[in-house]
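First comes the structure, then the notes that go with it.
Numbering (our numbering), first residue to last: -6 to 251.
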């Protein structure tokens, strides 16, 4: 089984003690590439250093809505400078992680929207995919995407919406990131939606170290777990795990231009 983990945070300190061992084990288990996403200006360099040190790793840079209080106006300028400096470098694969989070009440929606649109414009300007965090904000994200219509589209990370929302994203060219969430039996709506999704619309992800799947409850998530996640999701979708892995990897390569 050949796999691509389209969403990780391998730069986080959770992995400092055993990152090399983890990467070797993930590769041995068929995970050929991993995307590491920036979430605030202070971790851009760590993300980029990882991509430069290991050809299995690709970098995305963005300003995550959960870190809203840390972001400053100049960080958008610095993000644009990073994207300009790295334009054309194959190790940079996307803008992200950014988006809208309406789950946490302390995150002001107006400030989030301004940050979201500024980064969406950068994705358009630099012709890069957008890797989007969407939590309880599908309607607003879809409405915004319809205004901007980024040519390279991107991925809706940790998709957990309805089939109708999935269909809107697919119409806009976006892939749906599937990971640990749907491995849990209580994710009833998502588990009903998955079998209805066309295979050319999905990619696999872990969100490591977060979103541990049901088979590793309470543990640090890792790209090493992607084969088990793929197997569990394939069972929910009623297809062979190898078929899901092949489709996901093909979709990821098409999106990122690999």
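Yeah, the Cβ is synthetic: ideal placement off N, Cα and C, and Gly gets one too.
{"Item": "DSSP state of residue 207, grouped into three classes?", "Value": "coil"}
{"Item": "In chain order, which alpha helix (DSSP H) runs of at least 4 residues are fully inside the region 5 to 63?", "Value": "12 to 21 and 37 to 46"}
{"Item": "If we count the other Cβ atoms within 10 Å of its Cβ and call it buried at 16 or more, is residue 188 buried or exposed?", "Value": "exposed"}
{"Item": "To the nearest angstrom, report how far apart residue 168 and residue 11 are at their CA atoms.", "Value": "31 Å"}
{"Item": "How close, in whole Å, do the beta carbons of residue 173 and residue 199 come, if the pair is a contact with beta carbons under 8 Å?", "Value": "7 Å"}
{"Item": "Counting C-beta neighbours from all protein chains within 10 Å, is the total for residue 34 16 or more, i.e. buried, or is it exposed?", "Value": "buried"}
{"Item": "Are there 16 or more other CB atoms within 10 angstroms of the CB of residue 19, so buried, or fewer, so exposed?", "Value": "buried"}
{"Item": "Rounding to the nearest angstrom, what Cα-Cα distance links residue 235 and residue 196 in this structure?", "Value": "13 Å"}
{"Item": "Just checking my contact of residue 29 with residue 46 at CB under 8 Å: how many whole Å lie between their CB atoms?", "Value": "In fact, because the Cβ distance is near 11 Å, the residues do not count as touching under 8 Å."}
{"Item": "Within 8 Å, do at least three Cβ pairs link the region 176 to 190 to the region 117 to 136?", "Value": "no"}
{"Item": "State the Cα-Cα distance for the pair residue 78 and residue 241, rounded to the nearest angstrom.", "Value": "30 Å"}
{"Item": "Are the CB atoms of residue 204 and residue 123 within a distance shorter than 9 Å?", "Value": "no"}
{"Item": "Would you say residue 119 and residue 171 are within 9 Å of each other, going by their C-beta atoms?", "Value": "no"}
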